[in-house]
Each structure stands twice: as structure tokens, then as C-alpha cells.
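The UniProt record's numbering puts the first residue of the sequence shown at 1, with every later residue one more than the last.
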Amino acid sequence: MTEFSGESDASAVPEATQRPGVPLWRVGKPDAFLAADVATAREAVRSIANDTDIGRHLGARSEGVRCVTHLFESLLPGYGGWVWFATLARVSRGKASTVNEVGMLPTNDSVLAPPWVPWSERVRPEDQPAPEEEHGLVEPADAEADADSEADADDDGDESPADDGAPGETDADEQN
1 MTEFSGESDA SAVPEATQRP GVPLWRVGKP DAFLAADVAT AREAVRSIAN
51 DTDIGRHLGA RSEGVRCVTH LFESLLPGYG GWVWFATLAR VSRGKASTVN
101 EVGMLPTNDS VLAPPWVPWS ERVRPEDQPA PEEEHGLVEP ADAEADADSE
151 ADADDDGDES PADDGAPGET DADEQN
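Now the structure itself:
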């Protein structure tokens, strides 16, 4: 008869730990071949995104038997906290990866609104109107320039090339 010591063989097997955003039942060990195929997953994400929008590889998680999802950091402007994903699968005894799905997934950081900040703290100096714009004031130099340009516009429209006479003279007076 074999005696069991206080330690069991179960302690030798690493315990699966739950990761944020991953259900506990999906934390099983991913397929080793698919988990190592980061190049195929990155190429699949490149089919829908630019190289500059794809960041570092964040990891691979098991989605079931011979099915693994690779996660990549998103550098796409406006998508802070999102991740690119590529789900790979393979047939039993096969060594070729098949891309099942690619896309973007939100994380907890992306779906929560930022903390509320009071209006008085959000307003920046460049958001406030300048004092002269606020009251409708115009600088005197600008007012004179506007008056000169209006006078020039009035003079240009009334004169014709044949009018060289004094003001008040008409064509009938010139004939006499």
C-alpha cells in the first residue's frame, strides 16, 4: 500500500488563472501550434489594418479545441483601449493554420467613459474668446481701412471714361 503525503500531484499542475475579459471556461491551455503561429495572425490583421495601426502581440487565448485567438495592441487613433484579434483554427493532426475571423474588440478601458471633470476645469485659455471679439470692438486702424475701401468701391462704379467735366455739368452743357 502506498502512503500519500500531504502534498498531492495536483499541485504540480499549474492552476489556470482567470485573465481580465476572458471567461473562466476559456482559460484552458491553448493549442501549442496555433499559439506559436503569431505571424499568420499578424498577417490576417494586416488584411484589414495598416502596419502602423497594429501594435505588439498581447497574447494568445484558447477558444476551444484547436482554436486560438491572438490579440494585438491597437494604435489606431480614436481607438484607445481596443485590441485587434485574429482567430486561428486547424483540423486534427493538421499543421496548417486557418484564419477564422479578424477584427477589433473593446476592452474595459475603451467602453468606460472618462471621469467627469467640471466645466470650469475643462475650459482651456484658447477656448475662451478674445476680449475684443467678445464685445464686438474693432480696432480704430481697421475701421479707417474699411472706410477707405468702401469709398474706393463707390468711386470706381460711378465714373465712365468720357466724363472729364466738372461736377454738375451734363452732356447738354458741353454741346453749347
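Here a beta-carbon is modelled for each residue, glycine too, at the ideal position from N, C-alpha and C.
Contact annotation: THR107 and TRP82 have beta-carbon atoms nearer than 8 Å. PRO106 is bridged by DSSP to TRP82. The DSSP-derived three-state label of LEU76 is coil. DSSP places ALA89 within a strand segment (E or B) once states are collapsed to three. Contact between the stretch 86-98 and the stretch 121-131 is absent, with fewer than three C-beta pairs closer than 8 Å.
GLY28 and LEU34 have their C-alpha atoms spaced approximately 14 Å apart. One thing to note: THR87 has its Cβ no nearer than 8 Å to the Cβ of GLU126. Counting other Cβ atoms within 10 Å of its Cβ, ASP109 stays below 16 and is therefore classed as exposed. Nearest C-alpha to THR40 among ARG61, GLY78, ALA89, LEU105: ALA89.
For THR69, same chain residues with a beta-carbon under 6 Å away, outside a window of 5 residues either side, are ARG61, GLU63, PHE85, THR87 in chain order. Between LEU76 and ASP51, the C-beta spacing is not below 8 Å. TRP116 and ALA32 have their alpha carbons spaced roughly 44 Å apart. Between ARG56 and GLU43, the C-beta gap is not smaller than 8 Å, which leaves the two residues out of contact.
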